[in-house]
Structure formats: structure tokens, C-alpha cells
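Per my numbering, the first sequence runs over residues 123 to 782.
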Amino acid sequence: MIWQSLIQAISEAFNELYGQPLSPELINIQQTNAQFRNDADITLMVFPLVRISKRSPEQTANDIGNYLQNKLDYVESFSVVKGFLNLRIAQNFWITFLKNNYTDTTFGIKTPDTTQAPFIVEYSSPNTNKPLHLGHIRNNLLGDSISKILKANGQNVLQVNLVNDRGIHICKSMLAWQKWGKDETPETSGLKGDKLVGKYYVMFDKKYKAQLSRILRKAIKIIYTELNTDNFDENSILKKLTDGFPYTPEDILLLTKIIKEELVKIGKQSATFIPSIPYEAERDFMEKLKDKSKLLNEAQEMLKKWETGDTEVKKLWKTMNKWVYAGFDVTYKSLGIDFDKTYYESQTYLLGKDVVKEGVKEGVFYTKQDGSVWIDLSDEGLDEKLLLRANGTSVYMTQDLGTASARFNEFHPSKMIYVVGNEQNYHFDVLKKVLSKMHYSWADNIRHFSYGMVELPEGKMKSREGTVVDADDLIAEVIETARQTTMELGKLESFDTQEAQNLFRILGLGGLKYFILKVDPMKNMMFNPKESIDFTGNTGPFIQYTYARIQSLLRKSDNDVAKLDLSGNIDIHHEERELLFLCSDFNRIVKLAADELSPAQIANYVYELAKQYNQFYQRISVLKEENEKLRDFRLALSYFTAVIIRNSMNLLGIEVPQRM
RNA sequence: GGUCCCGUAGCUCAGUGGAUAGAGCAACAGCCUUCUAAGCUGUGGGCCAUUGGUUCGAAUCCAAUCGGGAUCACCA
Numbered sequence: 123m124i125w126q127s128l129i130q131a132i133s134e135a136f137n138e139l140y141g142q143p144l145s146p147e148l149i150n151i152q153q154t155n156a157q158f159r160n161d162a163d164i165t166l167m168v169f170p171l172v173r174i175s176k177r178s179p180e181q182t183a184n185d186i187g188n189y190l191q192n193k194l195d196y197v198e199s200f201s202v203v204k205g206f207l208n209l210r211i212a213q214n215f216w217i218t219f220l221k222n223n224y225t226d227t228t229f230g231i232k233t234p235d236t237t238q239a240p241f242i243v244e245y246s247s248p249n250t251n252k253p254l255h256l257g258h259i260r261n262n263l264l265g266d267s268i269s270k271i272l273k274a275n276g277q278n279v280l281q282v283n284l285v286n287d288r289g290i291h292i293c294k295s296m297l298a299w300q301k302w303g304k305d306e307t308p309e310t311s312g313l314k315g316d317k318l319v320g321k322y323y324v325m326f327d328k329k330y331k332a333q334l335s336r337i338l339r340k341a342i343k344i345i346y347t348e349l350n351t352d353n354f355d356e357n358s359i360l361k362k363l364t365d366g367f368p369y370t371p372e373d374i375l376l377l378t379k380i381i382k383e384e385l386v387k388i389g390k391q392s393a394t395f396i397p398s399i400p401y402e403a404e405r406d407f408m409e410k411l412k413d414k415s416k417l418l419n420e421a422q423e424m425l426k427k428w429e430t431g432d433t434e435v436k437k438l439w440k441t442m443n444k445w446v447y448a449g450f451d452v453t454y455k456s457l458g459i460d461f462d463k464t465y466y467e468s469q470t471y472l473l474g475k476d477v478v479k480e481g482v483k484e485g486v487f488y489t490k491q492d493g494s495v496w497i498d499l500s501d502e503g504l505d506e507k508l509l510l511r512a513n514g515t516s517v518y519m520t521q522d523l524g525t526a527s528a529r530f531n532e533f534h535p536s537k538m539i540y541v542v543g544n545e546q547n548y549h550f551d552v553l554k555k556v557l558s559k560m561h562y563s564w565a566d567n568i569r570h571f572s573y574g575m576v577e578l579p580e581g582k583m584k585s586r587e588g589t590v591v592d593a594d595d596l597i598a599e600v601i602e603t604a605r606q607t608t609m610e611l612g613k614l615e616s617f618d619t620q621e622a623q624n625l626f627r628i629l630g631l632g633g634l635k636y637f638i639l640k641v642d643p644m645k646n647m648m649f650n651p652k653e654s655i656d657f658t659g660n661t662g663p664f665i666q667y668t669y670a671r672i673q674s675l676l677r678k679s680d681n682d683v684a685k686l687d688l689s690g691n692i693d694i695h696h697e698e699r700e701l702l703f704l705c706s707d708f709n710r711i712v713k714l715a716a717d718e719l720s721p722a723q724i725a726n727y728v729y730e731l732a733k734q735y736n737q738f739y740q741r742i743s744v745l746k747e748e749n750e751k752l753r754d755f756r757l758a759l760s761y762f763t764a765v766i767i768r769n770s771m772n773l774l775g776i777e778v779p780q781r782m
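Right under this line is the structure:
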């Protein structure tokens, strides 16, 4: 609020002093650097203005400084250092600011205007074949937090989830369960539903890989045996491998070459030995066998049956998905995440076909001879992209075109924000280009909120290598860490069991959420499960601690916070002035976080605020102050700081404890 | 190879045209008979990947180079 008023005054100053209007973009004001902060609060950069004032930087700064000091009662004094005009704001301004705002418990938070067109924020978007993991946690926290930030800016927000409940992956789980599940259920196994289904997905993958590996090793063995015969020639290998093996002659010759190279490396071996080949080559040759896998064929058969509505398959599908949803609900609940609406791909996956048909009719798309539909985006710097398979079934893009169109028709949103990892940047580029080529006016309203990957010390998370950090495990772990740390500090005397349990949950989750949200969403981040959840320094619990500390202070004072006396003249300390400056900046930060879709802005701000409060708390006593006006002022300042800490943390989806 | 993102202290990260580049962790040294020490204070630690350009001014903008990652499927 002080910013706007200053910008306007500076603009007026220019008009009056130099007879020149000044466009607001040229006015660059910011908080004064720490080294000059004892004498000033706000600094105006005059360098960009000298071209218009036609005076030296020093002269211009002095002119404007004088003008502002005379004109604005809250500009107490000014000083000029080189081309910087440093303004000192009257302490009465700060006291009045506190007086006017400290009882506003929703300070900085607007109420959503539900009459206006909504922002749709889609996030989470899990597959139903696997439990949620650390990557989903970042997604969920970002989606939840930006929804809250947008709401705090008055936006009408609709939070939606799009569950991928159909496709080959869930059929793999279903097939494995049918074959080897022995009617196991969450109840009989004691496993959480999503974990149970995930178990069978992994089992499928193992058996499938083993099957392919067996075929490949058989081929390798035959080649190896041939290589060991005295009069080996390539034709005899080809003859032996043409029947019953899916490899082309080129493949076989390549494989023979690779084996020869390996044999040169390791030397001659016994006759029963079967050589192994490099990992990449093994993967490639197994990939070529894909069509020969009975298991995969069966899974594909199952998918076809699903699509034709086979009752038995549908029944199993419903049962297993139900288990998964029950599992997801537990995870969402413990994370504190929810949605206004959940879409299921099984209900939306056909929607895109009409959009594609329309595009074909309008000549934006074209049909190839085999019947598949494509769009050519080479003039946009992208490739040709498939929109509908030759057999008429949808691909991912088809579905996204359909759901986007359906959502637009249902809600007429002013924006559709997709919280999806940056690995899908290309997909969303294509989606937007396709829609704009079809002249949908709302194509520009689509925003891919692209965020970076979560990396582990060992590298990327890979389910194949078992390096995935499970969401439930992680949540349990951070709560347990919170319990241990709290016990070690011996702070639980006055807590009953349930209160203590709730505190551990608040602290553990606060630590986890803050750790993830404080990082710029766009960047990849490093997550070390053992070291990441700290309780000191720039962490969630540190900020929570500051809040609890203030609550303790307020409990001990006998004053009614609504009736503090903030009239009259008092002298305030440097620490108090700094704190008030930060408080007054909260509105700007909330808006900035929404403009940039960045919870990290809130996180970094609230950390600064908590740190500043602790400096104040450490140096200046509140309850022991004998001057009642000073005491009231400090109580009000403490109370107000706590409100802003709570409001900030809530924007991150983090709770704050009354005691800790 | 094309496109996109990233490179800042030993580690994890802020800062994205403005003054002498900041935090936390880790290390070391202090501060609890005093409102919660999960805190506060101090010390050390940097060719902001490299080179060139734009600018009164560049970690920040542009170009190239070097490193790291993602993506370019009739997968989702």
C-alpha cells in the first residue's frame, strides 16, 4: 500500500519539478539495503530517471527527496548516496499501520469471488496400478498450495483430479492377480488397497521380464554353441534361429557380433557357459520380443475385453480400482489434500474423438491411408503428432483434447491450470497448438504448470530399481522423526496422548511440506529422506515454533488483544520497524505468489518473517516492559506477526500448533 | 541431432537489471536463576560454469561454449 502511494507521489513530483510525465514502469523502488537500513526504509533508483530530468543523479535525487519530504507526511527524511535516494518512513506511519490492521485475522487473504469464471486447477492425476510416491507428493502439495494462493487473491478456484483408471497398466495388475493372487484382498492380506494392486503390477513386470529373458538367453545359447563349433558360419546360426524365434536376420547377426565382442573380453569359457551381453543391448533385444510375450498378449486381450464391456473383466476392474481408491483416500487424507471434483479416464477417454472428427472436417487434421489421424505442427517447430490410432482408439492426446473441451463447456473457466511434471512439456505444447489451430478461443487459457523432478541422492527414482520413496512410508517417517525430536527436547509434560500425537503430525507434515514447497517449483530438487526433515534453521518446524512461542506469550499476558492501546507517541526499535516492514509486505507477496504460481515465494517470505520475529523476541522484552504503551504495542505486533505466519503457512497447506 | 529447463559457499537452496551476492545445514566460538535455547549472536567459507556482447550499472538480459537433466512413441 505504501508502494503505490509512493509511486504516485514520485510521478507527480516529476511532473511538477521537470514538467515531464513519468511512466510508472521507470519508477524502481525497493527496500533499502541492509547496510543503510538504520537510516532509511525505502530506496528509489534515480539512474533511470536522469534521462528525463536532464539533471545529475545527485541533483535529481535531492529534488525528488525534498518534494516527497514536504508533500508526504510519512516521509520523515531522506539521504542521497550516489544515485540512490533513501527515504526514511516516519515511525508513526508504522504504528498507525499496525493499529489499523492487527486485529484483521484474514489480513492478506481475500475471499474467493464465486460469481466469476473459475480457474480449474488439475493436479495429482494418479494411475491406479501403483501407490503414490514422492513425485506425487510434490505434485499434490504444489497443486493444493497454488489453489489456496489463487483463492487468497480472490479467485474462484475449482480443484480437480483426473484419475487414470484404465489402460494396459491396470490390466497388468488384474491379470497377475487373477493368475497368482489366490483371491487375496486388502482384508485378508492386511495390505492397503493401492499397495496390494501395486504388488501385482510389480509381479506382472517381473514375470514378464523373466519370460523375455528366457527367450533371449536361449537364443544367446544357440549362437554361443555355434560359435564354439570348429567350422562355424553365420548361415548355420541363421538357420537354427529362424524357426520359433522372433528375430530378423539383421538382429541375429547383430546379436552374434555382440556376443563375439563379449567373448573377446572375457576369454574362452567352458561349454555349458552362457555369456551375458551389455545391459543396453539386453534391453533392446528384449524389447524386440515384446510381441512374443504370452503375458503381455493376455493383458492386451484383457484390455480389449474391457473396452468391449466384458462383464467379468469389468467386475474385477471395479473391485481392484475400489481397493486402490480406498488406499489413495488414506494418503490424500493424511496429506490434507482434497478435490472439488474427480474425473475418471474411463468416463472421459472417448470424449476426444468428436474433437478429432471436427478437426478432420475442418481440414486442420489429416487422415493417413491406414486410417490414423495426424496433425502437422512442423511450421510451429514441432513434429507431426498422432491424434487417433489406425484402429480408431484414443491416445493420451485425444483424451486431453476431449477433457479440456468438456471442462470448458461445463465450467467456462477463465483458466485451466495443469499441474504436471516438466517431462510433459512437449505434450502440453502440442495440446495448446492443436487447440489454437482449431481456433478454440480458450486455447490461450490453458496453462501447463510445469514443475521439476524430485531426485534422490542415488539419482532418479526408478520403480524398476526399487528406489521409489513411497508416500505413506515417507509421511509415517516424518511424523516419527517429529516424535523422536520432541521427546528428546522433553517438551511434552502438559500434553495428553492425543494432543501429542496431533502435534507430531503437524510438525512432521509441516517439515515435509515446507521442505518441498520452499524450492522454486520449476527447478529439480534434491530430496534426501534421511537428512531432509530438519527441525532447525530454514524449516517448517522453526516457523511453527515461532508461532507457538507467540501464542505462549499471548496466553501469559492478561490483555485482551482487541483492546490494546496503540495511541500516543512511542519510540520503536530497529527490530520492530523491520518486522513491521515485513508485515506490510505480505499483501504484495501473496499477489506475487499468485502471479508466478510459486508457493516458494510464500515459504521464503514467512521464513524471513519468523526469523525477524525471533530477533525481536530475543532482544526486546514484551511482558516485562513497564511502560504500558510499549507493552501494548509489542503485544499487538506479536499478535499480528502470528496472524501473518498462520495465514502464510495455511497457504502452504501447513498447520501451526498452539504449543510445542 | 532438434527443442526446452538447470548450473550461485563443502551440501541444500534464496536472490533474475541496482549499492560490499544472501540464508540454512555442516565446522568453530559465545548466550538459558530472565516472556518456549526447535531460539539468538559471532567467525571462517564465493573468478555467481566459461568466454564475448548490451548497459551509467550484469549472478540477473543476449550469443556462443562446456557440464547436468527432460523430451522428441499408434505409452500415459
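The beta-carbon is built from N, C-alpha and C at its ideal position, and this holds for glycine as well.
Helix, strand or coil: how does DSSP classify residue i here?
i	result
residue 236	coil
residue 590	coil
residue 696	helix
residue 780	coil
residue 488	strand
residue 167	strand
residue 506	strand
residue 153	strand
residue 647	strand
residue 278	coil
residue 495	strand
residue 335	helix
residue 397	coil
residue 143	coil
residue 379	helix
residue 162	coil
residue 600	helix
residue 195	coil
residue 224	coil
Which word fits residue i, buried or exposed, when buried means at least 16 other C-beta atoms lie within 10 angstroms of its C-beta?
i	result
residue 648	exposed
residue 238	exposed
residue 123	exposed
residue 783	One cannot answer for residue 783 here, as it falls past the ends of the chain, which runs 123 to 782.
residue 721	buried
residue 302	exposed
residue 522	buried
residue 395	exposed
So, residue i versus residue j, is the Cβ gap smaller than 7 Å?
i	j	result
residue 665	residue 600	no
residue 459	residue 266	yes
residue 520	residue 481	no
residue 286	residue 467	yes
residue 691	residue 579	no
residue 254	residue 593	yes
residue 767	residue 695	no
residue 779	residue 628	yes
residue 716	residue 271	yes
residue 131	residue 171	no
residue 215	residue 223	no
Name the DSSP bridge partner or partners of residue i?
i	result
residue 543	573
residue 200	209
residue 538	242, 568
residue 464	283
residue 581	578
residue 249	286
residue 291	Beta-bridge pairing links residue 291 to no other residue.
residue 516	510
residue 255	592
Quick test of the definition: if touching needs 3 or more C-beta pairs under 8 Å, does the region 190-208 touch the region 152-166? yes
Okay, do the region 236-251 and the region 537-546 touch, 3+ Cβ pairs below 8 Å being the bar? yes
Using 8 Å as the threshold, is the region 422-438 in touch with the region 352-361, meaning 3 or more CB pairs across them? no
Per the contact definition of three or more C-beta pairs closer than 8 Å, is the region 745-755 in contact with the region 703-715? no
Can at least three beta-carbon pairs, one atom from the region 312-321 and one from the region 434-454, be found at a separation below 8 Å? yes
Would you say the region 501-519 touches the region 543-553, given that touching needs at least three Cβ pairs under 8 Å? yes
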